[in-house]
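Residue numbers (this note's numbering): 496 to 784.
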């Protein structure tokens, strides 16, 4: 009789155990499917950010499990500021921040330090194109020194750039093997801007090199009919470990033209950069794609 009672109790409890296990599996699956929360901050001088934010948002959400929130400034000058940065906890709730602003003449240190503090505290970042030429002051055209008053933004980027040449195609050459660029092939852009490299910081690792050939212009040919084309080379994509937390930072200086941003090869690069910065891309996942 006692054995019968025990079997009956077990039969009653069995569905509860199964339901509990199933709930646990569903919770784990739900957690795995949770999209990355990505903040895209864009605006400022010299680019079609209205179109490019749409291209980036759609391209990222098509490629990776992410929800992209866009903060777009209607200020089209180098003094574009963003209300979101006025809060100390501006990055709360986001897994990765994409900086796509062009704010070269925004030089208020408390404002810039608020941006950097979130990344120092561990929020990963992806920096695109003119973000490399933002938040700079004093004699920024010379290599900045570690810890200098005007070095903060460059230290986050991992590379100091101060300008670019004319718009001509750039040959893209992949360098060291890395999960971000695994399996990617060399290619040539349309007319783009090659950003110079003034200084590469110790924590940075070059991923892609850009080579641009610039033919002589009319003035140069007038002075010298035999003038030859000039070739310039620069790092155009790299990673960086920022601050004491070694926050993951990915950057590419490519992306002036809407057509370049919409190019599948560019979008693949940015998408992988986002995944890597968020810690969701390694040798295994990269090779499996």
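Glycine included, each C-beta is placed from N, C-alpha and C at the ideal position.
Note down, in chain order, each residue of its chain lying with its Cβ closer than 6 angstroms to the Cβ of residue i, except the 5 sequence neighbours on either side.
{"i": "residue 558", "result": "766"}
{"i": "residue 734", "result": "700, 745"}
{"i": "residue 710", "result": "724"}
{"i": "residue 708", "result": "724, 726"}
{"i": "residue 540", "result": "572, 573, 597"}
Give the range of the alpha helix (DSSP H) segment to which residue i is assigned.
{"i": "residue 554", "result": "544-558"}
Is residue i helix, strand or coil when you go by DSSP?
{"i": "residue 743", "result": "strand"}
{"i": "residue 648", "result": "helix"}
{"i": "residue 659", "result": "strand"}
{"i": "residue 636", "result": "coil"}
{"i": "residue 735", "result": "strand"}
{"i": "residue 576", "result": "coil"}
{"i": "residue 630", "result": "coil"}
{"i": "residue 729", "result": "strand"}
{"i": "residue 677", "result": "coil"}
{"i": "residue 699", "result": "strand"}
I believe residue i touches residue j by the beta-carbon criterion, under 8 angstroms. Please report the beta-carbon distance rounded to the nearest angstrom.
{"i": "residue 667", "j": "residue 684", "result": "7 angstroms"}
{"i": "residue 656", "j": "residue 748", "result": "6 angstroms"}
{"i": "residue 562", "j": "residue 530", "result": "5 angstroms"}
{"i": "residue 686", "j": "residue 663", "result": "6 angstroms"}
{"i": "residue 665", "j": "residue 768", "result": "Their Cβ separation, rounded to whole angstroms, is 18 angstroms, which puts residue 665 and residue 768 out of contact at 8 angstroms."}
{"i": "residue 804", "j": "residue 755", "result": "Residue 804 lies beyond the range of the chain shown here (496 to 784); nothing can be said about it."}
According to DSSP, which residues form a beta bridge with residue i?
{"i": "residue 668", "result": "704"}
{"i": "residue 532", "result": "562"}
{"i": "residue 567", "result": "537"}
{"i": "residue 694", "result": "655"}
{"i": "residue 755", "result": "Partner(s): none; residue 755 has no beta bridge."}
May I ask which residues mark the beginning and end of the beta strand (DSSP E) holding residue i?
{"i": "residue 593", "result": "591-597"}
{"i": "residue 684", "result": "682-687"}
{"i": "residue 603", "result": "Neither: residue 603 is in no beta strand (DSSP E) and is coded neither H nor E."}
{"i": "residue 721", "result": "No beta strand (DSSP E) holds residue 721; DSSP gives it neither H nor E."}
{"i": "residue 621", "result": "620-623"}
Does any residue of chain B have a CB that is nearer than 8 angstroms to the CB of residue i?
{"i": "residue 716", "result": "In the structure shown, chain B cannot be found, because there is only a single protein chain."}
For residue i, which residues in the same chain have their Cβ closer than 8 angstroms to its Cβ, ignoring the five residues on either side in sequence?
{"i": "residue 576", "result": "568, 570, 598, 601, 606"}
{"i": "residue 543", "result": "753"}
If I measure Cβ to Cβ from residue i and keep anything under 7 angstroms in the same chain, skipping five residues before and after, which residues do I get?
{"i": "residue 658", "result": "691"}
{"i": "residue 631", "result": "599, 645, 648"}
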